[in-house]
Amino acid sequence: MDRETLIPQVGVVTDIRQDTPDVKTFRVVGLDGKKLFEHIPGQCAMVSVPGVGEGMFSITSSPTNEAYMEFSIKKCGCLTSWLHMIEPDQQVTVRGPYGNGFPVESALKGKDLLFIAGGIGLAPLRSVINYVRDKRENYGKVQIVYGSRSKEDLVDYQEIINEWMKDDGVEVFLTIDREQEGWDGHVGFVPNYVKELNPDLGLTVLMCGPPIMIKFTLAGLKELGFKETQVYTTMELRMKCGVGKCGRCNIGNKYVCKDGPVFRFDQLDELPSEY
Ligand SMILES: Cc1cc2nc3c(=O)[nH]c(=O)nc-3n(C[C@H](O)[C@H](O)[C@H](O)COP(=O)(O)OP(=O)(O)OC[C@H]3O[C@@H](n4cnc5c(N)ncnc54)[C@H](O)[C@@H]3O)c2cc1C
Ligand code: FES
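Numbering (UniProt numbering), first residue to last: 1 to 275.
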């Protein structure tokens with residue numbers, strides 16, 4: 001890791017999108033108006049409001065976007081509440097990129113891909129999905145299963161229906177937890193929907209979501225005949241340093257910040273207790 005990765009850089013928030021009642025997407029550039037740094041889909045950055053705190057967030061924009069980077073941030077505590085109060089043109093600091101990212105230029109290249117996301121878990125996968133859409137010739141068919149509590153809680157809903165669903169070779173399956181007026185799509189939890197869809201066993205799976213979703217979806221995929229070597233996930237354990245020094249984020253002998261956050265399931269000897 002080079003020195004620059006460790007040093008926070010000043011970022012200007014140029015645009016803020018209210019995605020769901022508790023998720024906002026922040027567009028950030030450097031003081032010179034350019035993208036702060038390059039990243040691999042699935043990598044993260046430490047975003048800070050000086051004097052308030054610092055937190056790890058997935059870079060949700062694709063590296064193919066050369067103008068800016070975006071973070072989709074769910075309001076849940078001190079830092080994220082401050083971030084939700086900032087206005088365009090205000091500054092934050094950003095250091096990174098951290099973590100390994102998804103192997104988009106090696107193991108995933110040429111593969112048929114199944115993305116499975118729950119809630120804010122779409123944030124890291126959106127970076128991969130848009131990367132794959134921009135480099136369509138390098139990948140096979142793409143299926144996306146995405147679920148949230150309600151229609152309003154589906155992050156990036158407009159992009160999904162106006163762009164992803166219109167792409168050739170991309171199939172999107174949306175689901176919400178409970179029936180609601182104005183929704184005529186699928187209703188039910190993501191793990192059950194994946195089993196109902198009975199996906200092709202040739203697909204390589206990338207998933208991200210709450211621990212309970214990961215746990216039951218992985219079990220369901222195994223029942224269908226998928227092997228752990230076909231399934232990647234990205235983990236969101238609590239982090240402090242982000243660079244393998246503080247010991248806050250270990251799973252067995254692995255540090256999520258340094259060895260992950262992306263893991264193929266067969267690479268993990270155990271899952272954290274909340275999974
Ligand atoms: C690799 C990685 C990628 C992440 N990507 C995103 C992202 O793209 N978008 C996003 O909104 N969040 C993401 N997170 C979670 C994000 O870092 C935390 O939500 C944030 O730091 C909370 O800060 P806070 O001060 O607002 O909350 P705090 O005041 O610290 O905590 C508020 C509540 O959230 C819980 N919490 C805090 N951090 C985490 C965590 N890491 N995992 C689970 N629960 C937590 C606390 O237990 C508490 O209940 C990611 C975390 C990691 C480790
Ligand atoms: S966050 Fe410090 S070791 Fe991973």
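Ideal Cβ positions, reconstructed from N, Cα and C, are used throughout, including at glycine.
- In the structure shown, the three-state DSSP call for D19 is strand.
- Burial of K74 is indicated by the presence of at least 16 other C-beta atoms within 10 angstroms of its C-beta.
- For P97, the enclosing beta strand (DSSP E) covers residues Q91 to Y98.
- In its chain, beyond the 5 residues on either side, S150 and K151 have a beta carbon closer than 7 Å to the beta carbon of Q180.
- In this structure, DSSP gives T80 a helical state, which the three-state scheme calls helix.
- Of T60, L122 and T14, the smallest CA-CA separation from D153 is found for L122.
- Per DSSP, the continuous beta strand (DSSP E) segment holding M46 begins and ends at C44 to V49.
- Around the C-beta of D156, 16 or more other C-beta atoms lie within 10 Å, and the residue is accordingly described as buried.
- The count of Cβ pairs closer than 8 Å, one atom from the segment 192-207 and one from the segment 106-120, reaches three, so the stretches are in contact.
- I40 sits buried, since 16 or more C-beta atoms from the chains shown fall within 10 Å of its C-beta.
- By the neighbour-count criterion, in which a residue is buried when 16 or more other Cβ atoms sit within 10 angstroms of its Cβ, K24 is buried.
- Cβ-Cβ distances below 8 Å link K215 to L271 and Y275 in the same chain, with the five nearest sequence neighbours on each side left out; the list follows chain order.
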